[in-house]
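Asker:
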Amino acid sequence: MKTELKRVCVKPYDKDRFEVVLDYVFVLPSFKGLIPKGFKTDGASIPRFFWSLFPPYKSEYFSACVIHDYLCEKANSRKDYKLADLALKEAMLLLGCSKFKSFVFYHACNTFHFLKCIFKSITRS
34 MKTELKRVCV
44 KPYDKDRFEV
54 VLDYVFVLPS
64 FKGLIPKGFK
74 TDGASIPRFF
84 WSLFPPYKSE
94 YFSACVIHDY
104 LCEKANSRKD
114 YKLADLALKE
124 AMLLLGCSKF
134 KSFVFYHACN
144 TFHFLKCIFK
154 SITRS
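Numbering (the working numbering), first residue to last: 34 to 158.
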């Protein structure tokens, strides 16, 4: 039996931002959680240069991006970011995104978070 991921329900909040209007429960192969009503997101945080290839608000992967944003907001360590990036990949696949697109998003986020954690550790020293 194939697992499905429901879509998140949002409303526009501000320019390029959305607010979750109903508590959003998600179940992924390696993680499950709840995003509370009122959580604010910008969708996929993709550099504007790439928007023609990967629009930040595309419904195909928007719910996965909301999960990722929520988990990243709660992240306190490299391990937390790894979990958020894995959740993004799993959610994209459950939503029917191609393996290639899921691979690109996962590795882009994972690389960014790796560099972010290194930079943070350097600036703390």
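Think of the CB as a built atom: it goes at the ideal place given N, C-alpha and C, for glycine as much as any other residue.
Can you grab the Cα-Cα spacing for the pair Ser-85 / Leu-67, in whole Å?
Answerer: So the two alpha carbons sit approximately 31 Å from each other.
Asker: With a Cβ-Cβ cutoff of 8 Å, do Lys-65 and Phe-72 count as a contact?
Answerer: no
Asker: Quick check for students: name the residue ranges of the beta strand (DSSP E) that lie wholly in the region 87–141, counting only runs of 3 or more.
Answerer: none
Asker: Whose C-beta lies closer than 6 Å to the C-beta of Arg-111 among residues of the same chain, with five residues either side of it excluded?
Answerer: The answer, listed in chain order, is Cys-150.
Asker: Here's the rule: buried if 16 or more other CB atoms are within 10 angstroms of the residue's CB, otherwise exposed. What is Lys-153?
Answerer: Counting Cβ neighbours within 10 Å, Lys-153 comes out exposed, since fewer than 16 surround it.
Asker: So for Lys-44, helix, strand or coil by DSSP?
Answerer: strand
Asker: From which residue to which residue does the beta strand (DSSP E) around Phe-64 run?
Answerer: 64–68
Asker: Return the Cβ separation of Val-53 and Lys-70 in integer angstroms, given the expectation that the two are a contact with Cβ distance under 8 Å.
Answerer: Beta-carbon to beta-carbon, Val-53 and Lys-70 are separated by about 6 Å, close enough to satisfy the 8 Å threshold.
Asker: Would DSSP call Phe-51 helix, strand or coil?
Answerer: If DSSP states are grouped into helix, strand and coil, Phe-51 belongs with the strands.
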